[in-house]
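Asks: Residue numbers (UniProt numbering): 1 to 162. Below you will find the structure I want to go over with you.
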Amino acid sequence: MGARRIAHELAGRGMESAPSRATVHRVLSRNGLVRAQEQQHPRKYRWWQREAPMHLWQMDLVGGVPLADGRECKMVTGIDDHSRFIVIASVVAVPSARAVCSAFTAAMRRYGVPFEVLTDNGKQFTGRHTRPQPVEVLFERICRENGITQRLTKPRPPTKSP
């Protein structure tokens with residue numbers, strides 16, 4: 001029986017303050033009753049960053065910021081890949097292409113134009129997946145007109161873990 005099961009059993013017996021799973025695990029470990037298990041598939045992290053500031057900005061939309069009136073808004077975020085400096089942190093009521101591009105152009109006016117920008121495949125950032133035929137969206141046009149190479153992440157469902 002593991003720490004999770006023991007904690008569950010103790011909580012189910014109506015104890016006034018049942019110990020957490022972590023506490024049970026610590027007690028079992030301290031008394032030599034459990035062995036550390038090796039991870040079945042050790043994670044391999046690939047760390048990379050550009051060699052200098054302004055080479056690559058990473059942009060995304062972050063959602064679910066609750067407002068006082070019950071509505072939700074989104075944040076347009078952007079970081080410089082080398083320095084991890086936040087170049088964009090803009091709250092938008094509606095995550096439209098125009099709102100995203102407004103935040104992007106404001107950041108370029110303030111900090112300069114990056115060589116590359118990395119985004120997901122959201123409709124605000126690309127029209128490559130538009131059917132029946134791809135179109136150039138405003139964000140792509142801004143990148144093209146400013147000589148910015150746009151890089152897209154690999155398409156995958158947002159709920160899928162890496």
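Where is the CB? At the ideal position from N, CA and C, for every residue including glycine.
1) For Gly12, which of helix, strand or coil comes out of DSSP?
2) Helix, strand or coil for Val34 per DSSP?
3) Classify Ala3 as buried or exposed, calling it buried when 16 or more other Cβ atoms lie within 10 Å of its own Cβ.
4) With a threshold of 6 Å on Cβ separation, who are the neighbours of Ser161 within its own chain once the five nearest residues in sequence on each side are excluded?
5) Can you grab the Cα-Cα spacing for the pair Val92 / Leu61, in whole Å?
6) Please report how far the alpha carbon of Trp47 lies from the alpha carbon of Pro19, in whole angstroms.
Replies: To lay it out plainly:
1) Sequence index remark: in the sequence shown, residue 12 carries index 12 (1-based). Three-state DSSP puts Gly12 in a helix.
2) Translated into the one-based positions of the sequence shown, residue 34 becomes position 34. If DSSP states are grouped into helix, strand and coil, Val34 belongs with coil.
3) For the purposes of this step, residue 3 is identified with residue 3 of the sequence shown, where counting begins at 1. Burial call: buried.
4) Taking the sequence shown and counting its residues from 1, one reaches residue 161 at position 161. Unreliable placement is indicated for Ser161, whose pLDDT of 47 sits below 50; the coordinate value is still reported in the next sentence. Taken in chain order, the list of residues that qualify is empty.
5) On the sequence shown, position 92 is the one that residue 92 refers to. On the sequence shown, position 61 is the one that residue 61 refers to. Each residue's Cα considered, the two are about 10 Å apart.
6) Translated into positions along the sequence shown, residue 47 becomes position 47. Translated into positions along the sequence shown, residue 19 becomes position 19. Going from the Cα of Trp47 to the Cα of Pro19 covers about 38 Å.
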